[in-house]
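To start, the structure itself, in structure tokens.
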Amino acid sequence: MSYDYFKDSNSPSLATIYYGYALLNKHDKNYTLAENYIHKALKLIPMQDIASTKFTYQSVLHDIQVTKLLSENNKSLNKEELETLLKDLNSESDFIKNTNTLIVPQLIIQNNQNLSKVHEKLGNYEQALFYHKKYIEENEKIYGLEKMKQLSNLQSETELNSERTRIKLEEETKRIQLQKEIELKALRFEFEKKQAAAKTDEERKRLLLEEDAKRNEIELSYAYQKRRRNKNTYRRES
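So the mapping is simple: the numbering used here equals the position in the sequence shown, first residue as 1, plus 219.
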């Protein structure tokens, strides 16, 4: 659905589009335009804001304002603006602490980082250090969990591959065993006919030795084949 579809309405979907435009312009360092779009998005948030969309948009607004004020292009820092922004960031921090609503972890990290930046610019170095430490702690907590999830997914994938390998080996083993049994039965049938046709005990003994030698040859051949297939299967899976 496009902007043109919603532009003449007050649909919450239009707010989402404005929010997207705000993020794009922030990325392109068009901070004033980004701020304008996020203000438009905020005006369209419903009164019953169950999903805390308003808080998310306000957090992004504060982030845009901090980035704008501290950007290299902004040569003259306005202390009054910084102090107003600090109050907004503190209110945001209080909401995070007291709300029962699930807050996106990245917004908590962002709030601590922005509080640290603004305190530093205002010369409140102890507070700046305090929030910088909180920023690092939250960052490690969240992205440490992500690493654990990745490890868990990797472990699950490894277990799945191992199970596939096991099933494949079982199927190959059954097939090899069946082929071996067929060959041994064919050998037994062949020598039963030869034994029946033998005329002397000496000939029968010779046939028994010959049958035994061929049986051993078949057994060794399939044992080697089984070991080679097992090794190749594990090598492909690893």
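C-beta: ideal position from N, C-alpha, C; glycine also.
Exposure label - His246; buried when at least 16 CB within 10 Å: exposed
Output the residue ranges of the alpha helix (DSSP H) runs that lie fully inside the segment 251 to 303 and measure 4 residues or longer, sorted by chain position. Runs of the alpha helix (DSSP H) lying entirely within the segment 251 to 303 and spanning at least 4 residues, in chain order: 272 to 288.
Grouping DSSP H, G and I as helix and E and B as strand, with all else coil, what is Leu321? coil
Could you tell me how far apart the beta carbons of Ala241 and Ile283 are, in whole angstroms, since I believe they sit closer than 8 Å? 7 Å
At the level of alpha carbons, what is the spacing between Arg425 and Lys399? 23 Å
Cα-Cα, which of Asn343, Ala432, Asn330 and His338 is closest to Asn358? Minimum Cα distance to Asn358 is reached at Asn330.
Given a cut-off of 9 Å, decide if Phe274 and Thr320 are closer than it, judged by their beta-carbon atoms. yes
Nearest by alpha-carbon distance to Leu326: which of Leu348, Ser278, Ile361 and Ile355 is it? With distances taken between Cα atoms, Leu326 lies closest to Ser278.
How big is the Cα-Cα spacing for Ile361 and Pro324? Using only the alpha carbons, I get a separation of about 7 Å.
Tell me whether Asp223 is buried or exposed, calling it buried when 16 or more other Cβ atoms sit within 10 Å of its Cβ. Bear in mind that a pLDDT of 46 at Asp223, under 50, signals an unreliable position, so the number given afterwards is only what the model happens to contain. Exposed, by the Cβ-count rule.
Looking only at its own chain, which residues have a Cβ that is under 8 Å from the Cβ of Lys226, when we skip the five neighbours before and after it? Summary for Lys226: the model assigns pLDDT 49, below 50, so the residue's position carries little reliability, and this model does not support an answer.
Express the C-alpha separation of Glu390 and Leu403 in angstroms, rounding to a whole number. Roughly 20 Å between the two C-alpha positions.
Using the Cβ count rule (16 or more neighbours within 10 Å means buried), how would you classify Ala260? buried
Roughly how many angstroms lie between the CA atoms of Phe349 and Glu311, to the nearest whole one? 17 Å
Backbone secondary structure at Asn309 - three-state DSSP: helix
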